[in-house]
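Residue numbers for the sequence shown follow the working numbering, so the first one is 4 and each next one is one higher. Notes to accompany the following structure.
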Amino acid sequence: MSEKGICRKAFKAAFPHTIPIFAGFWFLGMTYGIYMNVSGFPFWYPMLMSLTIFAGSVEFVAVNLLLGAFNPLQALAMTLMINARHLFYGLSMLEKYRGNGWKDFYLIFGMCDESFSINYTAEIPQGIHKGWFMFFVTLLNHFYWFFGASLGGIFGSLIQFDTKGLDFVMMAMFVVIFMEQWMKEKEHASSLVGLGVTLLCLIAFGADRFLIPAMAVILGVLTFLRKPLERRREAGD
Numbered sequence: 004m005s006e007k008g009i010c011r012k013a014f015k016a017a018f019p020h021t022i023p024i025f026a027g028f029w030f031l032g033m034t035y036g037i038y039m040n041v042s043g044f045p046f047w048y049p050m051l052m053s054l055t056i057f058a059g060s061v062e063f064v065a066v067n068l069l070l071g072a073f074n075p076l077q078a079l080a081m082t083l084m085i086n087a088r089h090l091f092y093g094l095s096m097l098e099k100y101r102g103n104g105w106k107d108f109y110l111i112f113g114m115c116d117e118s119f120s121i122n123y124t125a126e127i128p129q130g131i132h133k134g135w136f137m138f139f140v141t142l143l144n145h146f147y148w149f150f151g152a153s154l155g156g157i158f159g160s161l162i163q164f165d166t167k168g169l170d171f172v173m174m175a176m177f178v179v180i181f182m183e184q185w186m187k188e189k190e191h192a193s194s195l196v197g198l199g200v201t202l203l204c205l206i207a208f209g210a211d212r213f214l215i216p217a218m219a220v221i222l223g224v225l226t227f228l229r230k231p232l233e234r235r236r237e238a239g240d
């Protein structure tokens with residue numbers, strides 16, 4: 004099969020996985036574009052930032068950084084603090100991303116929470132190129148965010164409605180992704196570890212600071228339990 008045919012098959016396989024992301028990214032991206040617009044920035048700011056940064060939380064924070072005094076160290080520290088979770092995502096994806104040539108550079112750049120969730124858990128159909136599948140998942144999600152942010156920036160001044168609460172779309176989307184993965188699993192040990200550790204860290208550290216400790220503990224626990232879980236999975240097969 005030609006490279007074009009391989010790409011087309013991978014795109015068709017990846018697209019359905021990204022449909023739930025479209026709804027969340029479109030709403031939140033528009034919210035971001037509108038926020039930039041009412042903060043006094045022209046439409047091309049959210050377009051350029053969503054294309055080159057592609058980190059929703061940081062992009063929202065960047066509005067205040069751009070409006071305040073120039074402080075690159077503060078911007079660097081804030082970005083590292085907000086997106087530190089991607090360190091753990093990257094460790095989890097080392098094997099999956101290996102050997103995809105130039106596509107690896109874009110996969111690393113475009114790895115957001117949603118793309119990580121799909122690329123890590125999706126069962127790629129037989130005959131579909133893994134690298135191109137993950138590439139199109141990442142590219143489509145990136146486009147959805149860029150599209151929403153661009154629309155919000157262009158039409159923000161014309162839209163008059165309360166955007167408060169739209170972030171609930173993203174929470175609902177992650178619940179759907181988690182439930183889909185739960186239903187695919189034959190045993191739920193790793194999922195239960197994740198839920199249990201997250202709940203304990205939420206209680207211990209509070210809602211504003213639990214994420215990084217939770218991911219660090221989950222990584223440590225699952226690394227320690229990796230071999231027993233693999234043996235258990237092989238015995239079940």
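We treat Cβ as the ideally placed atom computed from N, Cα and C, and that holds for glycine. Please read all numbers here as calculations on a predicted model, not as lab measurements.
Residue i: first and last residue of the uninterrupted alpha helix (DSSP H) it sits in
| i | result |
| --- | --- |
| Met-39 | 6-41 |
| Arg-88 | 88-95 |
| Lys-189 | Lys-189 -> no alpha helix (DSSP H), and no H or E assigned at all. |
| Leu-225 | 214-227 |
| Pro-128 | Premise fails: Pro-128 is in no alpha helix (DSSP H) and is neither H nor E. |
| Ala-72 | Taken as a continuous stretch (DSSP letters only), Ala-72 belongs to no alpha helix (DSSP H), as it is neither H nor E. |
| Leu-51 | 47-55 |
| Phe-112 | 106-112 |
Option nearest residue i by Cα separation, candidates the options
| i | options | result |
| --- | --- | --- |
| Phe-28 | Asp-211, Asn-40, Ser-60, Ile-215 | Ser-60 |
| Phe-25 | His-89, Ser-53, Tyr-147, Tyr-35 | Tyr-147 |
| Val-196 | Leu-90, Phe-227, Tyr-100, Pro-49 | Phe-227 |
| Leu-69 | Phe-44, Asn-122, Ser-95, Asp-107 | Phe-44 |
| His-89 | Ser-120, Asn-67, Asn-103, Gly-130 | Ser-120 |
| Phe-181 | Phe-91, Met-84, Thr-124, Leu-83 | Thr-124 |
| Gly-36 | Ser-42, Phe-30, Pro-49 | Pro-49 |
CB-CB length for residue i against residue j, believed under 8 Å
| i | j | result |
| --- | --- | --- |
| Val-140 | Thr-21 | 6 Å |
| Gly-223 | Phe-150 | Contact doesn't hold; Cβ gap of about 38 Å is too wide. |
| His-132 | Ala-13 | 5 Å |
| Ala-72 | Met-52 | About 19 Å; that fails the 8 Å criterion. |
| Phe-112 | Ala-17 | Going by Cβ atoms, the distance from Phe-112 to Ala-17 rounds to 17 Å, so no, they are not a contact pair. |
Exposure label - residue i; buried when at least 16 CB within 10 Å
| i | result |
| --- | --- |
| Phe-57 | buried |
| Met-39 | buried |
| Ala-210 | exposed |
| Ala-80 | exposed |
| Glu-190 | exposed |
| Ile-221 | buried |
| Gly-159 | buried |
| Glu-233 | exposed |
| Met-84 | exposed |
| Ala-87 | exposed |
| Met-114 | buried |
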